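To keep things clear, I will list the structure first and then write my remarks on it.
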Amino acid sequence: MKLSKKQFKQDFEERLTSKFATDITKAGSQEKYAALASVVKHYYTKIWADDNDYKDETGKKQAYYFSIEFLPGKMLKSNLLNLGILNTVKEALAELGINLDEVAESEPDMAIGNGGLGRLASCFMDSLASTGLPANGNGIRYRYGLFKQKIIDGYQVELPDSWLNNGNPWEVRRADKAVEVRFGGEVWLEDDGKGNLLPHYKNQERVLAVPYDTPMVGFENTTVNNMCLWRSEVPQDLDPKFQNLEYMRQTSMLSAELYPDDSNYDGRLLRLKQEYFFVSAGLQRIMRHYKSTHKKDVRNIADYIAVHINDTHPALCVPEFMRILVDEYGVGWNRAWDTTVKVMSYTNHTILSEALEKWPEDMVKHLLPRIYQIIVEIDRRRTAELLPKIGATLVHNTRIIRDGQIHMAHLSIIGSHSTNGVAKLHSDLLKDVELHDFYEIYPERFNNKTNGIADRRWIQISNERLSGVLDETIGTSWRHDLNDLVKLEVYKDDESVLECLQAAKYDDKLRLAALIKERNGIVVNPEAIFDVQVKRLHAYKRQLLNVLHILKLYFELKDEPELDVVPRVFIFGAKAAPGYHYAKSIIKAINEIANMINNDKTIADKIKVVFMENYNVSLAELIIPAANVGEQISLASKEASGTSNMKFMLNGALTMGTLDGANIEIFEAAGEGNNFVFGLTKDEVYEYYRNGNYNARDIYEQNPIVHRILDSFIDGTIPNISMEGPEIFDSLTTYNDEYFVLRDFNDYVRAQKELETLYRDKKAWTQASLMNIANVGRFSSDRTVKEYADDIWHIKAKK
Ligand code: 26W
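Quick note on my numbering: the sequence shown kicks off at 43 and runs consecutively.
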């Protein structure tokens with residue numbers, strides 16, 4: 043959009059007065075933020091309304107991305123950038139004596155997601171709008187987002203994230219579009235006299251679902267999509283006999299809290315209720331909209347909508363859509379099933395068995411009696427149809443209901459036309475191993491869609507310094523098409539470009555160093571290697587491997603204080619699920635090791651260890667630009683894709699990584715020698731599983747370095763971990779090191795030495811960094827969503 047500084051200043055000052063009866067000399071930062079957000083909202087409302095009209099008038103097919111998590115972070119700068127007015131507003135504010143960055147700080151992170159899966163959903167929302175694709179989000183408006191992490195005495199303490207306290211300027215409550223979602227009670231089928239069996243209900247619990255719409259503004263185009271988040275409320279006309287406090291509490295609980303675990307499946311009733319709640323509400327709204335705009339036969343709905351099931355949490359889309367078609371619109375079962383499979387598609391985000399959702403049959407039967415009947419019927423018909431064709435074993439292995447449990451992944455695969463993994467390796471594993479039986483039955487349904495990141499946020503907004511260097515070197519076209527970064531390759535030997543890249547990185551490191559000083563009270567050397575591991579804390583991600591390597595360096599320096607090492611700052615950011623005891627012990631150990639090393643005068647600034655509390659999207663935007671190294675060291679086969687690896691690559695960090703997830707594609711894209719690869723391959727890992735011949739204790743017994751490092755957890759060397767130390771020690775020895783940390787240790791050390799050697803050669807290092815940046819194009823989520831649009835959803839971008 044076009045906007046002059048003069049116009050903006052006028053709008054902003056007027057808004058401060060009309061909203062808060064104040065002016066720029068007196069307004070607090072909250073007020074400035076709220077006024078600014080309100081002005082920005084005003085700027086895009088017309089585009090939003092026009093695009094809604096355009097979508098309704100053209101009636102083109104739209105996609106709906108159902109996700110129980112979204113992790114957008116802050117929205118202000120992203121909206122400014124996408125509207126094309128970031129610089130104008132920044133300069134105009136500066137002329138008023140206001141720093142945009144300081145104002146932006148007042149916006150709370152919208153953190154209604156845990157980690158990779160939720161952040162991916164938000165990267166997709168940005169990319170869908172920015173590529174002009176008509177696609178909307180559907181989720182839950184949790185009153186409390188992911189907990190805030192405090193570190194107290196080295197321990198993680200969780201505090202509530204009350205992100206809505208000051209209101210949310212971006213959302214629009216649409217009370218008129220509320221729908222009702224029903225739970226429990228009894229259901230029976232009765233003939234309607236025309237030969238149709240129709241369901242009748244009694245004693246159902248009624249919940250009102252109210253949508254809150256947040257516009258997703260496209261980058262310098264005219265597309266504004268919608269992220270619809272549902273809030274649960276008590277229906278206004280509730281039967282007085284239900285009007286009690288307990289009912290109100292139950293109802294509001296539904297959209298009260300994000301389930302803060304990204305690793306373990308836990309069969310809580312409330313979680314299942316949440317899943318049905320946003321699925322049912324979302325599908326009802328889609329149907330209403332379809333009927334009101336298209337007025338077409340619902341039988342053709344597959345030509346107009348695509349519904350995406352982001353992991354299995356929204357898998358109830360399958361039976362709920364069947365319910366709506368069959369019960370509410372009188373579509374025959376076969377036609378309804380055909381339509382459902384055409385409409386639905388599913389992404390798998392993990393092969394970790396503890397994360398695969400299964401619900402006890404009884405629980406589903408009581409909570410969702412009609413949905414249960416439909417699932418039983420889907421399973422029954424499928425079994426009857428396939429048994430003669432593919433035999434009992436294959437049918438049994440792929441049944442939706444098995445051993446008293448409802449398998450949500452099975453339901454998602456069977457009830458959709460597409461199942462995809464999120465990186466090549468992961469998709470292959472699904473086909474070859476984890477979902478092989480399904481692959482045999484439905485080979486045409488399986489495909490890969492390697493993840494991507496919304497590059498606008500992850501460089502244009504978060505790394506202005508590097509963005510500027512890129513503009514000066516290769517022009518600005520990369521801002522519209524990340525593939526254009528490849529133009530950088532020809533500057534590989536250009537000393538002045540390399541120096542500019544180094545200078546930009548140095549500035550980003552200074553910015554982070556200041557933050558570390560402010561938050562952790564630790565002074566770090568900006569010349570040191572900034573070696574970063576930021577992600578959820580989970581055993582399979584192996585933060586512990588990183589820790590063991592730090593201890594190795596530490597003991598070497600203790601033994602030989604004059605050793606010539608390149609100084610390093612090891613930076614961690616990680617939240618552990620509140621109930622994940624082992625992960626919390628690792629956090630405690632990291633913090634105690636950090637204290638031990640940082641306070642050891644003999645080490646000086648050769649090693650520093652920093653645990654940054656409350657890792658979230660905003661902190662990532664500050665840390666990742668400053669990284670020289672990104673640690674991506676999960677056990678091969680366990681990390682489905684990873685997406686921070688792509689953010690590091692974009693910001694010129696080199697990856698220290700295993701052959702896991704998207705790392706493999708990153709190594710390939712950046713070219714040989716530009717990253718550091720180590721560790722078991724996924725085939726070697728599976729070979730160990732087959733043979734069962736891994737013996738971690740042998741490594742402990744036979745490798746004196748490993749021995750000494752592990753002993754430091756139990757012999758008092760590392761202080762204050764008398765509980766956690768033995769727990770970690772035992773996990774590696776007595777419990778045979780589930781994630782092969784010790785097995786990969788030596789090779790990790792080897793790769794770390796290579797890294798250190800390369801870092802000493804500043805030019806060679808910067809060249810490798812440049813090669814990473816130049817070849818990151820394919821990891822833009824613009825590419826990923828286009829693939830979903832073409833291959834899975836069959837939707838077309840606005841011209
Ligand atoms: C039921 C509890 C639960 C909650 C969330 C189980 C599993 C999950 C997610 C599937 C975990 C997750 O976030 N997976 C990550 O998805 C990213 C986006 O595709 C990938 O990049 C990560 O590798 C994957 O771990």
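Note that the Cβ used here is the ideal one computed from N, Cα and C, for glycine as well. Only a predicted model underlies this, so the values are computations on that prediction, with no experimental measurement involved.
So, at 7 Å on beta carbons, what are the nonlocal neighbours of residue i in its own chain, with the 5 sequence-adjacent residues on each side left out?
i	result
Glu-780	Ala-581
Lys-594	Ile-747, Ile-751, Val-791
Ala-217	Val-252
Ser-148	Ser-71, Gln-72, Tyr-75
His-591	Tyr-790, Val-791, Gln-794
In the structure shown, what three-state DSSP assignment does residue i receive?
i	result
Lys-190	strand
Glu-482	helix
Tyr-830	helix
Met-43	coil
Asn-505	coil
Phe-488	strand
Phe-319	helix
Val-671	strand
His-459	coil
Gly-160	helix
Leu-595	helix
Thr-293	helix
Gln-198	strand
What residue does the alpha helix (DSSP H) around residue i start on, and which one ends it?
i	result
Pro-746	746-753
Asp-421	411-432
Ala-105	Segment 104-108 is the beta strand (DSSP E) holding Ala-105; no alpha helix (DSSP H) there.
Met-691	686-692
Tyr-388	Segment 386-389 is the beta strand (DSSP E) holding Tyr-388; no alpha helix (DSSP H) there.
Arg-787	The amino acid at residue 787 is misidentified as Arg; the sequence shows Phe. That run of the alpha helix (DSSP H) goes 783-802.
Ile-613	Taken as a continuous stretch (DSSP letters only), Ile-613 belongs to no alpha helix (DSSP H), being part of the beta strand (DSSP E) at 610-615.
Thr-130	128-137
Asn-178	Unbroken run through Asn-178 is the beta strand (DSSP E), 177-182; no alpha helix (DSSP H).
With a CB to CB cut of under 6 Å and the five nearest residues on each side skipped, what residues in its chain are close to residue i?
i	result
Asp-168	Ala-496
Leu-367	Val-373, Ala-378
Asp-526	Ser-519, Trp-520
Pro-609	Asn-567, Ala-570, Asp-647, Lys-648
Gly-767	Phe-755, Ile-756
If I measure Cβ to Cβ from residue i and keep anything under 8 Å in the same chain, skipping five residues before and after, which residues do I get?
i	result
His-408	Gly-226
Ala-146	Tyr-75, Lys-116, Leu-118, Lys-119
Tyr-307	Glu-396, Ala-397, Leu-398, Glu-399, Lys-400
Tyr-481	Leu-472, Lys-473, Asp-474, Phe-488
Leu-797	Ile-571, Val-671, Leu-696, Met-698, Phe-718
Cys-542	Val-511, Glu-514, Thr-515
Under DSSP, the beta strand (DSSP E) around residue i begins and ends at which residues?
i	result
Pro-361	Where Pro-361 is concerned, there is no enclosing beta strand (DSSP E), although the alpha helix (DSSP H) it sits in stretches over 359-365.
Asn-352	347-352
Lys-244	239-244
Ile-571	571-576
Tyr-254	247-259
Gln-447	447-449
Arg-224	221-225
Less than 7 Å between CB atoms is the rule here; does residue i satisfy it with respect to chain C?
i	result
Leu-590	The displayed structure is made up of one protein chain only, and chain C is not part of it.
Taking three-plus beta-carbon pairs below 8 Å as touching, is the stretch 373-389 in contact with the stretch 428-440? no
Would you check if the stretch 222-237 and the stretch 150-167 touch, i.e. whether three or more CB-CB distances between them fall below 8 Å? no
Are the stretch 173-185 and the stretch 116-126 touching by the rule of at least three beta carbon pairs closer than 8 Å? no
Spell out a yes or no on whether the stretch 552-569 and the stretch 727-745 are touching, meaning 3 or more CB-CB pairs, one atom from each, closer than 8 Å. no
Within 8 Å, do at least three Cβ pairs link the stretch 566-578 to the stretch 610-629? yes
Count the CB pairs spanning the stretch 441-455 and the stretch 401-417 that are closer than 8 Å, and state whether there are at least three. yes
Kindly confirm or deny that the stretch 313-333 and the stretch 354-363 touch, where touching means at least three C-beta pairs closer than 8 Å. yes
Contact between the stretch 620-628 and the stretch 63-83 is defined here as three or more beta-carbon pairs at a separation below 8 Å; is this criterion met? no
Take every Cβ of the stretch 94-106, pair it with every Cβ of the stretch 232-239, and state whether three or more of those distances are shorter than 8 Å. no
Is there contact here, the stretch 331-344 with the stretch 280-292, by at least three beta-carbon pairs under 8 Å? no
Under 8 Å: do the stretch 752-760 and the stretch 792-802 share three or more Cβ pairs, one atom per stretch? no
With contact counted as at least three CB pairs below 8 Å, one residue from each stretch, are the stretch 126-138 and the stretch 186-196 in contact? no
For the structure I just gave you, are there three or more beta carbon pairs, one from the stretch 693-706 and one from the stretch 667-674, closer than 8 Å? yes
Does the count of Cβ pairs from the stretch 655-662 and the stretch 624-639 closer than 8 Å reach three? no
Can at least three beta-carbon pairs, one atom from the stretch 724-731 and one from the stretch 669-688, be found at a separation below 8 Å? yes
Contact between the stretch 193-201 and the stretch 241-260: three or more CB pairs below 8 Å? no
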